[in-house]
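In order, the protein sequence lines correspond to chains X and R.
Taking full-length UniProt numbering, I'd label the letters of the first sequence as residues 1 to 323.
Taking full-length UniProt numbering, I'd label the letters of the second sequence as residues 1 to 43.
Below is one structure, written out as C-alpha cells; the observations come after it.
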Amino acid sequence: MHLPAPRGELSAAVTAALGGHRGALPPVRGVDPHGEDLTLALHVLYELHYRGFDGVDEGLEWDPDLLRLRAALERPFLAAVREEVGTAEVAAVVEDLLVERLPGSGVSHFLRERGEWWHFQEVFTHRSIYHLKEADPHAWVIPRLRGRAKAALVAVEFDEYGGGRAERMHSRLFADLLDAAGLSSEYLHYLDVVPAPALATVNLMSMFGLHRSLRGALVGHFAATEITTGPSARRMVSALRKLSAPRECVRFYTEHIEADAVHEQVLRHEVIGGLLEDEPHLAGDVAFGLMATELLEDRLSNHVLGAWQDGVSSLREAADVLV
Amino acid sequence: MVVHGEDGSVVRSERFVTAVCTCRRSKIYPLCDTSHREVRREG
Ligand code: FES
Ligand SMILES: [Fe+2]
Ligand SMILES: [Fe+2]
C-alpha cells in the first residue's frame with residue numbers, strides 16, 4: 001500500500017515524514033478533532049503498527065517525534081469523543097444496545113428499503129478499511145487481560161480469524177465480498193476515497209487497542225460491535241438477496257449473523273463480566289467504549305445517508321477509483 | 001456439534017460455542033440469529 005494523498009497540514013507533514021522528507025512536525029492547535037486532516041494523519045500513524053506502507057522505514061513505528069505527534073493528535077480526538085458521550089452504567093448501555101428500534105434509520109435499513117448496487121459498493125468501500133484487518137485491533141488487548149476475560153476474548157478472536165482456517169477468516173470473507181462486488185480487495189486500496197467519518201471508526205479501535213490504559217474501552221468497543229452486528233447483518237442479507245447479489249457478498253453477512261449471536265453472549269457474560277470481576281474500576285471505561293463506538297457509527301451513518309439523500313456519493317472523488 | 005431443532009431440522013456447528021434458538025423466531029432455526037431481541041416501535 002502506498003501513502004495516501006494529504007488532506008491538510010498535519011497529514012501532509014505525516015506523509016512527508018514517512019516518505020523520508022522530515023520537516024518540523026507542526027503543532028496540533030485549533031484543529032477539528034473529527035476533520036479530514038487530523039483523522040487521516042492519525043490513521044496513517046496508526047497504520048505503522050499494522051502493516052505499514054510500501055517503502056516506508058518500518059523503524060518509524062517507534063520514532064519518538066512521530067509518537068509525540070500521534071499523542072498530540074489523539075488528545076483532542078479522545079477528548080471530543082469523551083465529551084460527546086458523557087457517562088453511564090455498563091448494564092444500562094448494554095441493555096439499550098440490545099433493543100431493536102423500529103422504524104430503524106441506519107444504513108442497513110436504507111439499503112433494505114431502496115438500496116441500489118452503487119450504494120452497496122460505497123458501503124463495502126467504507127468498510128474495506130476495517131474489514132480487511134478485521135479483529136486485528138482487538139488482538140492488542142490480549143496480553144492486558146487475564147483469566148476468564150482473556151480466555152473468552154481469545155476464543156472469539158479465534159473465530160474471527162477463521163478457527164485456524166485462512167479461507168474462513170472474516171477478513172478473507174470480506175476480501176471475497178469485494179472481489180465478487182467488482183471492487184479491489186487490496187489492503188487499504190480505497191484509503192484515498194474514504195472520508196473521515198469512516199476512518200474515525202477505525203482510529204477509535206486502534207487507539208483503544210494500542211493503549212493499555214484504554215483496555216476497558218477496547219473491551220466495550222468489541223462488545224458494542226458484536227451486539228449490533230447481528231440485526232444489521234440480517235438486514236444486509238435480505239437487502240443483498242433482493243438484488244440477487246453474488247453469493248460471496250451474502251456469505252460475509254450470513255456468517256456474521258450466526259457468529260455474532262455467539263460472540264455477543266461471550267463478550268457480555270465472559271469478557272465484560274470477567275474483566276469487571278477482575279478490575280471493577282474499569283466499568284466506566286467499558287461503558288465509554290460501548291458508547292463511543294455507537295457515537296462514531298452514528299456519525300458515519302449520518303454522513304452516508306446525508307450524502308445519498310442529496311443524491312451524491314458518500315466517498316471522496318469516487319468516480320475514478322470505483323471503476 | 002450437532003443441533004437438533006424441535007421441528008426436525010439438524011445443523012452442524014464447528015464454533016467454540018453454539019447459540020441455540022429457544023424463541024423459535026430465528027430465520028436460521030435451530031440456531032439463534034438475535035431475532036429474540038426486544039423490538040421497540042418509536043415515532
Ligand atoms: S433465541 Fe431465537 S433468535 Fe435468539
Ligand atoms: Fe467478524
Ligand atoms: Fe464477531
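Ideal placement from N, C-alpha and C gives every residue a C-beta, glycine not left out.
Residue selection by CB proximity (closer than 6 angstroms to any heavy atom of ligand 1) returns C21(R), T22(R), C23(R), R25(R), S26(R), C32(R), D33(R), T34(R), S35(R), H36(R) in chain order. For T201(X), the closest alpha carbon among the candidates S213(X), L218(X), L69(X), P4(X) is that of L218(X). L145(X) is classed as buried because its beta carbon has at least 16 other beta carbons within 10 Å across all chains shown.
Under DSSP, the beta-bridge partners assigned to L102(X) are R41(R). Within the region 149-160 of chain X, the residues whose Cβ lies closer than 8 angstroms to any Cβ of chain R are, in chain order, A155, F158, D159. Residue pairing by DSSP places H4(R) opposite V10(R) in a beta bridge. A88(X) and R25(R) have their C-alpha atoms spaced approximately 32 angstroms apart. Within the region 94-170 of chain X, the runs of alpha helix (DSSP H) that reach at least 4 residues and sit entirely inside it are, in chain order, 107-114, 117-131, 136-139, 147-160. In the DSSP assignment, V193(X) falls outside any alpha helix (DSSP H) and carries neither an H nor an E.
Neighbours of P103(X) in chain R, taken as residues at a C-beta separation under 9 angstroms, are given in chain order as R41, E42, G43.
When the beta-carbon positions are compared, F158(X) and F252(X) stay at least 9 angstroms from each other. Taken atom to atom, the span from the alpha-carbon of L3(X) to that of D57(X) is near 12 angstroms. If you look at T293(X), you'll find it in the alpha helix (DSSP H) that goes 283-309. Take the alpha-carbon of E100(X) and the one of T15(X): they are about 42 angstroms apart. Look at D260(X): its beta carbon is less than 8 angstroms from one of the heavy atoms in ligand 3.
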